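Inspection log for the structure reproduced underneath, given as structure tokens.
Protein chains: 2
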Amino acid sequence: MKRKATITDVAKAAGVSKGLVSFALNDRPGVSPETRDRILGVARDLDYRPSVSARSLSTSTSYAVGLVIARDPEIISADPFFPSFIAGVERVLLTEGRTLVLSVVGDDDHEATVYRTLAAGQRVDGVFLTDLRRDDPRIPMLQELGLPAVTLGHPGTGQMGTGGPGAGDPGTGQPGAGEANPFPSVSLDDTPGTVAAVRHLLDLGHRRIAHVIGPHAMLHASRRRAAFEATLRDAGLEPDPALVVETDFTAAQGAAATTALLERADPPTAIVFGNDPMAIAGLGVAHERGLTVPGDLSITGFDDSELARYVYPSLTSVRTDPLRWGEAAARTLLRLVADGHAADVDLDPAHLVVRTSTGPVRA
Amino acid sequence: MKRKATITDVAKAAGVSKGLVSFALNDRPGVSPETRDRILGVARDLDYRPSVSARSLSTSTSYAVGLVIARDPEIISADPFFPSFIAGVERVLLTEGRTLVLSVVGDDDHEATVYRTLAAGQRVDGVFLTDLRRDDPRIPMLQELGLPAVTLGHPGTGQMGTGGPGAGDPGTGQPGAGEANPFPSVSLDDTPGTVAAVRHLLDLGHRRIAHVIGPHAMLHASRRRAAFEATLRDAGLEPDPALVVETDFTAAQGAAATTALLERADPPTAIVFGNDPMAIAGLGVAHERGLTVPGDLSITGFDDSELARYVYPSLTSVRTDPLRWGEAAARTLLRLVADGHAADVDLDPAHLVVRTSTGPVRA
DNA sequence: CTGAAAGCGCTTACAG
DNA sequence: CTGAAAGCGCTTACAG
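As structure tokens, then:
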């Protein structure tokens, strides 16, 4: 294990100044081609790699971006969203020589501390903001800290895309409380997926459709709920609040919600779940109670994880493509950090993937 | 967004030298209590946070550890092992002011590059080595790079604990090819879990038991296979190589393996799967083919993920506790980085959690 | 117990 | 096109 070569070693070996080596390496103008090639050759021979901390100190740049996930460990491991999202992020970071700093914090208190520490210590140049919440306190905090960020979805309207209100899209909801997003957003509108799921069930004759959603505090939960209810109203049905159950996204609460719904005097004939693990747990509960799916109960999931296609019956789900989402978010964040601004990105909206867990309501 | 306070600001405000501030902050001896308190007070007032890159540059320490995962994104998101492991790691990192640098690389070529870059750029002070492979090339590489590491399991014998060969444990296998582990290991012996799963099935009367394992190149796959076969031999049965199917750990290949096994002229009456997603996919295939579980087919999983208890029938699985594993690995790595050495850790071995996906063989 | 200074390995004006 | 020097914000011997 030989001592690491520094820029001084390279300069000496190439017979030039450190400054020139730096210029050559970062290919900035002002270095003659021959000198440049010579320097690069020497650097390669010496297996020279710049020290990130030295660069960071000079440039006030960390060459890293941060993701802090404020969910219970149990949920994170059950829900395939984040692993896929992260894989997408990594895909672009790797080619850009950037690094991902990941933080998993249980509760929200710790969350603020983590952001402050990351920002103050210059650990990261920017962060991803996921699981947007109503009047998300992280947005002003990040602004105050001067830490660039990219939001997943619009803070005003959840994850909504540019679609905007109109064109007969009943799930649109109101365009936010007027608060503009100071950060670029990368959105994947899940409204069409939710709407399609409900319409699909309506078309199959279902009239009592339940909705098992994520934490109310998360914007996308309330937005999906709005889309869900608007679609019902569009069909002339009055949404029954008793058929909406809030959960923390765990399979455990998905199962509990299903049990509660099925034990009602007037149980639903279909349930729309907020993620696949809950839907799979719901499937389990239905089977356990001797119900057949979709004969007695239709079920839809959300996110279309790998398992969706392999459970029995295979799960009708809404595909959101977390991998591409991660890629787009990373590209946007890098651009924001580099240029000081970046345009909003709207990915292809979520769409329904119909499989066999949904069927006609029993006559 | 006010300018960040530096150590110079604190020194000035406290009327002392930068050096003394540094001593006070890192509570090293040689600062009078009163001065110390004054400095700390000023630091708090100014909301001072040391610049990590400046500290890194002075101390040649990055205050970060690395995890590079060389699996296909698809697999990572299906398998809850890593998310849980990472959550455990974070739990201890957070309290130690350390940070996790995560890298996800598809293929193994990129893997080496990533390690070299992390090491050369001084991005991390140490790394976790997961998914140990036969004669793992990463071990000599890391040694050469001078990058401290902690291995999950012993390189010689897979994930085996200290249990060692003997005490009637048929799954022990040979104690490695003599190559000593230059790094401390944190092990969670999965042999007892595998043995218990097979014995459980044998007790239920099963004689044709299949094994759907992970990639052969991964040590734990071959070690579990050895444990599996030894347990069968112990019961006087000759393992049938045709009943062992290698997969890449995806639900897709778990499903395919199940189909292949069930289409045999002499299908198995029980299948032991290498992870839960494959087992759940296997469950789906069985149901799809009109088989009942466990009536016609018994199934066991591995890792005991959250979903295991909520599918139907609930999945008998082997609990490996990735969260505690992550905590222990992080503590060990931090100790190694700080002290230059750390003792091996053996966690409680994996154990079987019996649920309802296993039952007596049909008469 | 405290201060002044050098050094970590880069980048970046500033001169020539 | 190239060199010499200052500076980024810390830590750490070295003196006193």
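Chains W and B, in that order, give the protein sequences.
Going by the working numbering, the first residue of the first sequence is number 65, and it counts up by one from there.
Going by the working numbering, the first residue of the second sequence is number 65, and it counts up by one from there.
Just so you know, even glycine gets a beta-carbon here, dropped at the ideal spot from N, CA and C.
Note that this is a predicted model, so its numbers are computed, not measured.
Which same chain residues, not among the five before or five after residue i, have their C-beta less than 7 Å away from its C-beta?
{"i": "B/Ala-414", "result": "Leu-252, Asp-253, Asp-254, Pro-256, Gly-257, Val-382, Arg-383, Thr-384"}
{"i": "B/Val-116", "result": "Tyr-127"}
{"i": "W/Pro-332", "result": "Arg-272, Ile-273, Ala-274, Leu-307, Leu-325"}
{"i": "W/Ala-427", "result": "none"}
{"i": "B/Gly-242", "result": "Low per-residue confidence applies at B/Gly-242: pLDDT is 44, beneath 50, and the placement is therefore not dependable enough to give any value."}
{"i": "W/Asp-200", "result": "Pro-219"}
{"i": "W/Ala-321", "result": "Val-276, Val-309, Thr-311"}
Would you mind telling me which residues of chain W sit closer than 8 Å to residue i, beta carbon to beta carbon, in chain order?
{"i": "B/Thr-181", "result": "Arg-113, Gly-161"}
{"i": "B/Arg-395", "result": "Under the 8 Å cutoff, chain W gives no residues; its nearest Cβ is about 16 Å from B/Arg-395."}
Per DSSP, residue i forms a beta bridge with which residues?
{"i": "W/Asp-367", "result": "W/Arg-383"}
{"i": "B/Phe-337", "result": "B/Val-276"}
{"i": "W/Thr-163", "result": "W/Ala-128"}
{"i": "B/Ile-133", "result": "B/Val-168"}
{"i": "B/Leu-216", "result": "B/Val-250"}
{"i": "W/Gly-460", "result": "Given that chain W is displayed from residue 65 to residue 427, the structure contains no residue 460 of chain W and the question cannot be resolved."}
{"i": "W/Ser-362", "result": "W/Ala-334"}
{"i": "B/Asp-410", "result": "B/Ser-251"}
{"i": "B/Val-417", "result": "B/Ser-381"}
{"i": "B/Arg-197", "result": "B/Met-282"}
{"i": "B/Val-309", "result": "B/Val-276"}
Beta-carbon separation of residue i and residue j under 9 Å?
{"i": "W/Phe-366", "j": "W/Ala-343", "result": "yes"}
{"i": "B/Gly-185", "j": "B/Ala-213", "result": "no"}
{"i": "B/Ala-281", "j": "B/Ala-319", "result": "no"}
{"i": "B/Leu-121", "j": "B/Asp-73", "result": "no"}
{"i": "B/Val-129", "j": "B/Val-178", "result": "no"}
{"i": "W/Glu-310", "j": "W/Ile-277", "result": "yes"}
{"i": "W/Ser-394", "j": "W/Val-153", "result": "The residue asked about is misnamed: residue 394 of chain W is Ala in this sequence, not Ser. Closer than 9 Å, so yes."}
{"i": "W/Thr-163", "j": "B/Ser-167", "result": "yes"}
{"i": "B/Arg-353", "j": "B/Leu-379", "result": "no"}
{"i": "B/Ile-140", "j": "W/Pro-147", "result": "yes"}
{"i": "W/Arg-202", "j": "W/Leu-216", "result": "no"}
{"i": "B/His-270", "j": "B/Val-425", "result": "yes"}
{"i": "B/Leu-347", "j": "B/Ser-421", "result": "yes"}
{"i": "W/Val-336", "j": "W/Leu-265", "result": "yes"}
{"i": "B/Thr-314", "j": "B/Asp-136", "result": "yes"}
Who are the neighbours of residue i on chain B, taking C-beta pairs under 9 Å?
{"i": "W/Ile-363", "result": "Those do not exist, as W/Ile-363 stays about 12 Å from chain B at its closest Cβ, beyond 9 Å."}
{"i": "W/Val-169", "result": "Glu-154, Leu-158"}
{"i": "W/Phe-146", "result": "Ser-141, Pro-147"}
{"i": "W/Pro-341", "result": "Glu-370, Leu-371, Tyr-374"}
{"i": "W/Ser-126", "result": "Val-116, Ser-117"}
{"i": "W/Ser-120", "result": "Ser-115, Val-116, Ser-117, Ala-118, Ser-120, Leu-121"}
Could you list which residues in chain W have their beta carbon closer than 7 Å to that of residue i, in chain order?
{"i": "B/Gln-186", "result": "Ser-115, Val-116, Ser-117"}
{"i": "B/Gly-348", "result": "Tyr-374, Val-375, Tyr-376"}
Run through chain B and tell me which residues come within less than 7 Å of residue i, C-beta to C-beta.
{"i": "W/His-351", "result": "Tyr-376"}
{"i": "W/Leu-387", "result": "Pro-137"}
For residue i, return the contacting residues in chain W, with the cut-off set at a CB-CB distance below 9 Å.
{"i": "B/Thr-314", "result": "Glu-370"}
{"i": "B/Pro-424", "result": "None at all; the shortest Cβ gap to chain W is about 20 Å."}
For residue i, collect the residues of the same chain with a Cβ closer than 8 Å to its Cβ; drop the 5 residues on either side in sequence, then sort them by chain order.
{"i": "W/Thr-211", "result": "The question names Thr, but residue 211 of chain W is Leu in the sequence shown. Tyr-179, Leu-182, Ala-183, Val-188, Gly-190, Val-191."}
{"i": "W/Leu-104", "result": "Ala-88, Leu-89"}
{"i": "B/Gly-232", "result": "Low local confidence applies: a pLDDT of 33 at B/Gly-232 is under 50, so the model's placement there is unreliable, with the coordinate-based value given in what follows. Counting only Cβ-Cβ distances below 8 Å, and skipping sequence neighbours, we find nothing."}
{"i": "W/Leu-209", "result": "Tyr-179, Arg-180, Ala-183, Ala-184"}
{"i": "W/Gly-359", "result": "Gly-423, Arg-426"}
Return the chain-ordered list of same chain residues with a C-beta closer than 6 Å to the C-beta of residue i, the five sequence neighbours on each side being excluded.
{"i": "B/Val-106", "result": "Val-74, Ala-77, Ala-78"}
{"i": "W/Val-156", "result": "Glu-391, Ala-394, Arg-395"}
{"i": "W/Leu-397", "result": "Val-129, Gly-190, Val-214"}
{"i": "W/Arg-288", "result": "Thr-258"}
{"i": "B/His-351", "result": "none"}
Could you name the residues of chain B that residue i contacts, counting a contact when the two beta carbons are closer than 8 Å?
{"i": "W/Pro-201", "result": "By Cβ distance, chain B contributes nothing, its closest Cβ being about 17 Å from W/Pro-201, past 8 Å."}
{"i": "W/Leu-164", "result": "Val-165, Leu-166, Ser-167"}
Practice prompt. Examine the Cβ distances between the segment 390-410 of chain W and the segment 171-183 of chain W and report whether three or more of them are shorter than 8 Å.
Written response: In short, these stretches do not touch, since the Cβ pair count stays below three.
Worksheet item: Is the segment 374-381 of chain B in contact with the segment 91-104 of chain B, if contact means three or more CB pairs nearer than 8 Å?
Response: Using a C-beta cut-off of 8 Å, the segment 374-381 of chain B makes no contact with the segment 91-104 of chain B, since fewer than three inter-stretch Cβ pairs fall below that distance.
Worksheet item: Is it a yes or a no for the segment 75-86 of chain B touching the segment 384-398 of chain W, going by three-plus beta-carbon pairs under 8 Å?
Response: For the pair of segments examined, the segment 75-86 of chain B was found not to touch the segment 384-398 of chain W: the number of CB pairs separated by less than 8 Å stays below three.
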